[in-house]
Amino acid sequence: MDIEDFLKNNKKRENISSEESLLLHKCENIILQAISYQRGKKTTGDIKCCDISQNNSCQGQLSITIIDVPNEIRWECTLCHETGTIKNWCKSPLLISNIKQSLSQKAIQKKTIFLNENEFYEILNLAADFSELKELISLAQRNKDGFLISPDELNSMRLLELIALRCEILQNRSQALEKLKEEIKKYFKEKAPLPEPFLLFQT
Ligand SMILES: [Zn+2]
């Protein structure tokens with residue numbers, strides 16, 4: 005089986021039949037499990053023979069080998085010994101959307117600066133004018149322990165950069181401002197996470 009056969013322009017084909025759709029679903033289930041297996045090493049997991057093979061009643065477990073190049077998943081039933089191959093697993097639409105989702109969740113986590121209430125009020129004091137103050141307040145989300153600041157636009161990042169600079173030149177910085185400066189620095193260091201090795205196979 006080749007994942008490519010179910011796709012058009014890297015997306016699930018529109019004219020896909022219900023049988024094909026079911027088959028793709030079965031393959032993608034295996035792909036999502038096998039992606040965590042060590043590459044090139046036969047692994048027996050929870051997937052059963054009847055989940056993928058023609059042998060609808062076989063309860064044997066599959067022994068699976070996942071390889072990046074060629075991009076294949078090879079399976080063999082440990083009971084009835086039926087075998088099969090899933091080619092181009094890295095093009096699975098479900099796998100790609102899962103990876104994108106988990107990357108964007110990571111990006112959101114990394115894009116957040118946490119401040120307690122006092123620290124947040126200190127940052128507000130550093131606003132130069134009303135529009136900066138308004139922007140800072142709009143960036144912050146209150147939670148039970150304090151405030152989360154999630155700058156998502158260039159302008160907001162620019163503002164935080166300015167605030168960090170103002171912290172830097174202030175004499176007698178309070179502890180809160182010290183921490184704020186560090187948080188902002190950390191934020192800028194982490195804001196462009198490198199793609200995971202897997203994504204290099206995409207596009
Ligand atoms: Zn079997």
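5 is the number of the first residue of the sequence shown in our numbering; add one for each residue after it. Note that CB positions come from ideal geometry on N, CA and C, so glycine has one too.
Reference residue i, options the options, closest by Cα
i      : options                          : result
Cys84  : Trp93, Gln58 and Leu98           : Gln58
Asn13  : Ala168, Ile56, Val73 and Pro97   : Pro97
Ile173 : Leu130, Asn122 and Cys53         : Leu130
Ile70  : Leu36, Asn147, Ser154 and Glu126 : Leu36
Met161 : Lys183, Asn60 and Glu136         : Glu136
Ile127 : Leu99, Ser108, Gly150 and Gln105 : Gly150
Arg146 : Ile20, Glu121, Glu182 and Asp6   : Glu121
Ala144 : Asp6, Thr116, Glu182 and Leu166  : Thr116
Leu66  : Lys185, Ile103, Lys46 and Met5   : Lys46
Trp79  : Ser22, Cys54, Leu164 and Glu23   : Cys54
Leu119 : Glu182, Arg43 and Asn92          : Glu182
Cys94  : Pro74, Gln105, Thr82 and Ser154  : Pro74
Asp72  : Cys171, Ser61, Gln179 and Arg43  : Arg43
Integer Cβ distance of residue i from residue j, believed to fall under 8 Å
i      : j      : result
Ile39  : Ile51  : 12 Å between Cβ atoms; not a contact.
Lys189 : Ala168 : 7 Å
Glu8   : Leu99  : In fact, because the Cβ distance is near 14 Å, the residues do not count as touching under 8 Å.
Ile68  : Tyr41  : 6 Å
Met1   : Ile103 : Given a span of 5 to 207 for the chain in the structure shown, any question on residue 1 remains unanswerable.
Cβ-based burial, residue i [other Cβ within 10 Å; buried from 16]
i      : result
Ala132 : exposed
Phe10  : buried
Glu18  : exposed
Lys15  : exposed
Thr48  : exposed
Phe124 : buried
Leu204 : Reliability of the predicted coordinates at Leu204 is poor, the pLDDT of 39 falling under 50, and the value obtained from them is presented with this limitation in mind. Exposed is the call here.
Leu140 : buried
Leu26  : exposed
Glu187 : buried
Lys148 : exposed
Per-residue DSSP class, three states only, for residue i
i      : result
Leu11  : strand
Ala131 : coil
Leu174 : coil
Arg162 : helix
Asp55  : helix
Cys81  : strand
Lys45  : coil
Lys91  : strand
Ser67  : strand
Leu36  : helix
Glu123 : helix
Gln206 : Because Gln206 carries a pLDDT of 39, less than 50, the predicted location of this residue cannot be relied on, and the following value inherits that uncertainty. Reduced to three states, the DSSP call for Gln206 is coil.
Asn102 : helix
Lys148 : coil
Heavy atom of ligand 1 within 7 Å of residue i beta-carbon
i      : result
Cys94  : no
Cys31  : no
Ser57  : yes
Gly88  : no
Gly49  : no
Leu27  : no
Gly64  : yes
Leu119 : no
Leu99  : no
Leu83  : yes
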